[in-house]
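Right, one structure below, let's go through it.
Numbering (full-length UniProt numbering), first residue to last: 1 to 272.
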């Protein structure tokens with residue numbers, strides 16, 4: 001009988017099954033039936049799949065999703081986790097405006113706003129007189145700390161920064177080049193400016209700030225805040241005042257307006 005085989009033959013004499021077991025060498029069996037694990041091959045496979053997975057993630061997060069929405073890259077995701085300001089700009093279109101408003105705001109979250117374009121920004125112009133009125137007025141110099149100059153074109157923005165110690169915000173629009181020029185009263189350009197101003201002021205309210213809007217030809221020789229009516233959320237200057245502040249027959253002038261944030265929910269229509 002061959003070694004390593006089991007005999008299963010019937011005995012012609014006994015009529016029984018005689019089973020003969022032959023010892024099998026463990027070393028021989030192991031060598032013919034199993035092989036040691038190839039760790040080098042497994043490691044290579046893991047490296048290949050890991051590389052492919054990382055490449056897929058980089059491509060995915062660096063592109064846009066199926067709806068065309070921006071999907072931040074891995075670098076931006078990691079930087080946003082640590083509070084990267086640049087990523088905040090991507091997430092919030094009003095990020096720069098928020099920073100300016102926060103820096104200029106009073107503790108009651110009130111700011112003073114004025115607009116400036118190239119036509120009014122030349123040295124020794126009305127804008128310089130406007131600023132000088134704060135400095136020389138009766139207890140008005142401190143109000144410059146709360147003034148936000150909203151520049152509607154690049155030259156006006158640079159001029160604001162040249163003067164120093166002012167809160168300057170560049171309101172970039174598709175009409176910035178047009179807004180740089182002087183606009184005559186009730187002309188189409190003037191009306192576009194007024195509608196643009198209202199939209200911007202609505203944004204200020206939506207961000208949670210009260211404001212005084214003032215034209216640059218309004219001289220600030222006195223502090224107006226002690227004179228505002230305490231229980232009124234909207235107050236405006238008038239071309240003609242009949243002595244009754246609650247009379248709607250007064251001729252309003254939007255060159256000087258004080259608005260509290262409470263008025264936001266009902267005074268301006270929602271954006272389309």
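For every residue, glycine included, the Cβ atom is placed at its ideal position computed from N, Cα and C. What you are looking at is a predicted structure, and each value in this text was computed from that prediction instead of being measured.
Review point. What are the complete beta strand (DSSP E) segments, minimum 3 residues, inside the UniProt domain "Nucleotide-diphospho-sugar transferase" (143-260)?
Key: 147-151, 167-170, 210-214, 234-240, 251-259
Review point. Pick from 235, 162, 241: whose alpha carbon is nearest that of residue 256?
Key: The sequence position of residue 256 within the chain shown is 256, counting from 1. Here the closest residue by C-alpha is 235.
Check your understanding: Does DSSP put residue 136 in a helix, in a strand, or in coil?
Key -> Residue 136 sits at position 136 when you count from the first residue of the chain shown. Three-state DSSP puts residue 136 in a helix.
Exercise for review: Keeping to the same chain, check which residues put their C-beta closer than 8 Å to that of residue 141; ignore five residues upstream and five downstream.
Suggested key: Here residue 141 refers to the residue found at position 141 of the chain shown. Once the five neighbours on either side are set aside, the close Cβ partners of residue 141 are 134, 135.
Review point. Can residue 259 and residue 205 be called in contact, C-beta distance under 8 Å?
Key: Indexing the chain shown from 1 puts residue 259 at position 259. Indexing the chain shown from 1 puts residue 205 at position 205. It is a contact, given that the beta carbons lie within the stated cut-off.
Review point. Taking Cβ to Cβ, would you say residue 222 is nearer than 8 Å to residue 138?
Key: Translated into positions along the chain shown, residue 222 becomes position 222. Translated into positions along the chain shown, residue 138 becomes position 138. Yes; because the gap between Cβ atoms is below 8 Å, this pair is in contact.
Check your understanding: What residue does the beta strand (DSSP E) around residue 106 start on, and which one ends it?
Key -> Along the chain shown, one-based indexing puts residue 106 at 106. From DSSP, residue 106 is part of no beta strand (DSSP E); its letter is neither H nor E.
Review point. Should residue 130 go down as buried or exposed, given a rule of 16 or more other Cβ atoms within 10 Å for buried?
Key: Within the chain shown, numbered from 1, the residue matching residue 130 stands at position 130. Counting Cβ neighbours within 10 Å, residue 130 comes out buried, since at least 16 surround it.
Point to revise | For residue 10, the three-state DSSP class (helix, strand or coil) | key: Indexing the chain shown from 1 puts residue 10 at position 10. Low per-residue confidence applies at residue 10: pLDDT is 45, beneath 50, and the placement is therefore not dependable, though the value from the model is reported in the following sentence. Residue 10: strand per DSSP, three-state reduction.
Point to revise | Inter-stretch contact at 8 Å, needing at least 3 Cβ pairs: the segment 143-162 / the segment 233-247 | key: no
Review point. Can the beta-carbon of residue 155 be found less than 8 Å from the beta-carbon of residue 103?
Key: As a working note, residue 155 is residue 155 in the chain shown. As a working note, residue 103 is residue 103 in the chain shown. In this structure, residue 103 does not lie closer than 8 Å to residue 155 by Cβ.
Review point. Taking Cβ to Cβ, would you say residue 216 is nearer than 8 Å to residue 127?
Key: Position 216 of the chain shown, counted from the first residue, corresponds to residue 216. Position 127 of the chain shown, counted from the first residue, corresponds to residue 127. Result yes, Cβ atoms of residue 216 and residue 127 sit closer than 8 Å.
Review point. Should residue 262 go down as buried or exposed, given a rule of 16 or more other Cβ atoms within 10 Å for buried?
Key: The residue you call residue 262 lines up with position 262 of the chain shown. That one is exposed.
Review point. Around the C-beta of residue 147, are 16 or more other C-beta atoms found within 10 angstroms, so that it is buried, or is it exposed?
Key: By one-based count along the chain shown, residue 147 stands at place 147. Burial call: buried.
Check your understanding: Is the distance from the Cβ of residue 209 to the Cβ of residue 109 below 8 Å?
Key -> In the chain shown, counting from the first residue as 1, residue 209 sits at position 209. In the chain shown, counting from the first residue as 1, residue 109 sits at position 109. It is a contact, given that the beta carbons lie within the stated cut-off.
Practice item. Report buried or exposed for residue 112, applying the criterion of at least 16 other Cβ atoms within 10 angstroms of its Cβ. Key: One-based indexing of the chain shown puts residue 112 at position 112. It is buried - the Cβ of residue 112 has at least 16 other Cβ atoms within 10 Å.
Review point. In chain order, what residues of the same chain lie with their CB nearer than 8 Å to the CB of residue 194, ignoring the 5 residues before and after it?
Key: Numbered from its first residue, the chain shown carries residue 194 at position 194. For residue 194, where only same-chain residues beyond five positions count, the Cβ hits under 8 Å are 254.
Exercise for review: Using 10 angstroms around the beta-carbon of residue 225, count the other beta-carbons present and answer buried if the total reaches 16, otherwise exposed.
Suggested key: Looking up residue 225 in the chain shown gives position 225. Counting C-beta atoms within 10 angstroms of its own C-beta, residue 225 has fewer than 16 neighbours from the protein chains shown and is therefore classed as exposed.
**Study point:** Same chain only: Cβ atoms within 7 Å of residue 275, ignoring 5 sequence neighbours per side
**Key:** Residue 275 lies beyond the residue range present for the chain, which begins at 1 and ends at 272; the question has no answer from this structure.
Check your understanding: What residue from 92, 220, 95 has the CA that sits closest to residue 114's CA?
Key -> Stepping through the chain shown from its first residue, residue 114 is reached at position 114. Closest in C-alpha terms to residue 114, from the list 92, 220, 95, comes 220.
Review point. Among all the DSSP beta bridges, which residues are the ones paired with residue 111?
Key: In the chain shown, residue 111 corresponds to position 111, counting from 1. According to DSSP, which records beta bridges pairwise, residue 111 is partnered with 211.
Review point. So residue 166 and residue 200 are in contact, right, with Cβ under 8 Å, and what is the actual spacing, rounded?
Key: Numbered from 1 along the chain shown, position 166 holds the residue referred to as residue 166. Numbered from 1 along the chain shown, position 200 holds the residue referred to as residue 200. So it is not a contact: roughly 18 Å between Cβ atoms.
**Study point:** CA nearest to the CA of residue 116, picked from 169, 192, 100
**Key:** Here residue 116 refers to the residue found at position 116 when the chain shown is read from its first residue. Of the listed residues, the one whose Cα sits closest to residue 116 is 169.
Check your understanding: Distance, Cα to Cα, residue 248 vs residue 240?
Key -> Taking the chain shown and counting its residues from 1, one reaches residue 248 at position 248. Taking the chain shown and counting its residues from 1, one reaches residue 240 at position 240. Using only the alpha carbons, I get a separation of about 11 Å.
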